[in-house]
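In this note's numbering, the protein residues as written are 31 to 330. Note that the Cβ used here is the ideal one computed from N, Cα and C, for glycine as well. These figures come from a predicted structure and were not determined experimentally.
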C-alpha cells in the first residue's frame with residue numbers, strides 16, 4: 031500500500047488537501063482550548079469576573095462569555111484562511127470586492143445580525159435578567175437563558191418558550207422581579223343584600239391575617255365594597271404578598287378559607303335566581319270599555 035500521501039511533508043503543507051485538513055483540525059482544537067482556558071481565567075475569584083460577579087448579574091456575564099467565544103473562533107477562522115493558499119486568494123478576492131461582499135452577507139444574515147444586536151441591547155439595558163419571572167406571549171415563566179440569537183423562557187408548565195432576540199426586543203412584557211417583587215393581591219367575592227357588611231368584612235380580614243402567604247412587613251390587608259350587583263354586594267380584599275408566586279397561592283388560599291368561614295358563620299354567598307311564570311297563569315290584559323274606563327275581563 032502506498033502511504034506517500036501521508037508523509038510528514040504533506041501533513042504540514044497547507045497547500046495540500048491533507049495539510050489543510052490537518053491545519054483546520056489543529057486550529058479548531060486550539061480555538062476550543064483557548065475559549066475554555068480564557069473562560070476559566072476570567073471567572074477565577076482573583077480575576078475580573080470573579081471580582082465583579084456580585085455587581086454584574088449572570089445575564090451580562092453569560093453574554094460576554096458568548097461574545098468572547100465568537101471572537102476567538104472568528105479570529106481562528108481568519109488565521110486559518112491566511113495560511114491556506116487557496117483560501118488566501120479567495121479572501122483577497124473577497125476583500126477586493128468588500129463592498130459587494132458586505133452587502134451580500136448583510137442581506138443573507140439580516141435576521142442573524144438583528145438577533146445578535148438585539149441580544150447585545152438586552153444584555154446592556156437589561157429589561158429582564160436571567161432568573162426574572164415574566165409574563166410574555168400570554169405565557170408566565172422564568173427567563174432561563176439569553177443566547178446570541180434567542181431568549182429561552184421556562185414556563186410554569188416546564189415548557190421552553192424560544193423567542194428570537196429581535197422580536198423580544200420590540201414587544202411589551204411584564205417583569206415581576208425587577209426593582210420590587212412585591213404584589214398587591216386582589217380577591218373579589220360577593221355576599222347577599224341582607225348580609226351585615228361589617229360582619230362579612232371582619233370575617234374576611236380575620237382569614238386574611240391568617241394567610242401564610244401574606245407579606246407581614248407590608249401594609250395591613252383591607253376590604254372595600256366595589257359594586258351593588260343584580261343579586262349581590264361585591265367585596266374586594268386587598269392583600270400584599272412577597273412575590274408573584276405567593277400571589278396565586280394567597281388568592282387560592284383566601285377563596286377557600288373565606289368560603290369555609292362564611293359557611294360556618296351563616297353568611298350567604300348568593301347566586302342568581304330565576305323565576306319562571308307560565309303565560310296561562312298571567313292575569314288577563316285590561317281592555318278599554320265604551321265609557322273610556324279600563325276593565326279587566328274575568329277569566330271564564
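Pull the bridge partners of residue i from the DSSP assignment, please.
i: residue 183; result: 173 and 191
i: residue 253; result: 267
i: residue 219; result: 265
i: residue 143; result: DSSP, once it has assigned bridges, lists no residue as partnering residue 143.
i: residue 213; result: 271
i: residue 99; result: Answer is none; residue 99 lacks a bridge partner.
i: residue 204; result: 165
How would you label residue i, buried or exposed, when you count the other beta carbons within 10 angstroms and need 16 or more for buried?
i: residue 35; result: For residue 35, the predicted structure reports a pLDDT of 49, less than 50, and the residue's modelled location is therefore unreliable. A value from the coordinates is still provided. Classification for residue 35: exposed.
i: residue 329; result: Note on residue 329: pLDDT 49, under 50, position unreliable in the model; the coordinate value appears next. Classification of residue 329: exposed, given that the 10 Å Cβ count is below 16.
i: residue 33; result: Annotation note: pLDDT 48 at residue 33 (below 50); position unreliable, coordinate value reported separately. Per the 10 Å Cβ criterion, exposed.
i: residue 223; result: exposed
i: residue 105; result: exposed
i: residue 344; result: Residue coverage of the chain in this structure runs from 31 to 330, which leaves residue 344 outside it and unanswerable.
i: residue 313; result: exposed
i: residue 200; result: exposed
i: residue 251; result: buried
i: residue 160; result: buried
i: residue 225; result: buried
i: residue 353; result: As displayed, the chain neither begins before 31 nor continues past 330, which places residue 353 out of reach and without an answer.
i: residue 192; result: exposed
i: residue 198; result: buried
i: residue 267; result: buried
i: residue 71; result: exposed
From residue i to residue j, what does the alpha carbon distance come to, in whole angstroms?
i: residue 210; j: residue 167; result: 22 Å
i: residue 151; j: residue 59; result: 31 Å
i: residue 98; j: residue 204; result: 31 Å
i: residue 206; j: residue 107; result: 43 Å
i: residue 113; j: residue 202; result: 48 Å
i: residue 234; j: residue 309; result: 44 Å
i: residue 142; j: residue 149; result: 10 Å
i: residue 260; j: residue 297; result: 18 Å
i: residue 299; j: residue 208; result: 38 Å
i: residue 196; j: residue 157; result: 14 Å
i: residue 190; j: residue 231; result: 43 Å
i: residue 92; j: residue 56; result: 27 Å
i: residue 67; j: residue 273; result: 39 Å
i: residue 194; j: residue 62; result: 26 Å
i: residue 31; j: residue 51; result: A caution first: residue 31 carries a pLDDT of 47, below 50, which makes its placement in the model unreliable, though a value can still be read off. Between residue 31 and residue 51, the C-alpha separation is close to 22 Å.
i: residue 170; j: residue 185; result: 6 Å
i: residue 117; j: residue 100; result: 21 Å
i: residue 155; j: residue 96; result: 17 Å
i: residue 286; j: residue 229; result: 18 Å
i: residue 293; j: residue 304; result: 23 Å
i: residue 302; j: residue 282; result: 23 Å
i: residue 153; j: residue 275; result: 25 Å
i: residue 242; j: residue 236; result: 12 Å
i: residue 227; j: residue 265; result: 9 Å
i: residue 162; j: residue 257; result: 36 Å
i: residue 246; j: residue 290; result: 23 Å
i: residue 115; j: residue 94; result: 34 Å
Hey, would you say residue i sits closer than 8 Å to residue j, going by beta carbons?
i: residue 215; j: residue 271; result: yes
i: residue 280; j: residue 244; result: yes
i: residue 263; j: residue 253; result: no
i: residue 277; j: residue 219; result: no
i: residue 176; j: residue 183; result: no
i: residue 144; j: residue 110; result: no
i: residue 64; j: residue 102; result: yes
i: residue 284; j: residue 238; result: yes
i: residue 269; j: residue 217; result: yes
i: residue 146; j: residue 178; result: yes
Where does the unbroken alpha helix (DSSP H) through residue i begin, and where does it stop?
i: residue 284; result: 274 to 295
i: residue 163; result: Run containing residue 163: none in the alpha helix (DSSP H); it sits in the beta strand (DSSP E), 163 to 166.
i: residue 229; result: 227 to 240
May I ask whether a heavy atom of the ligand ZN can be found less than 7 Å away from the beta carbon of residue i?
i: residue 169; result: Ligands are entirely absent from the displayed structure, and the ligand ZN is therefore not among its contents.
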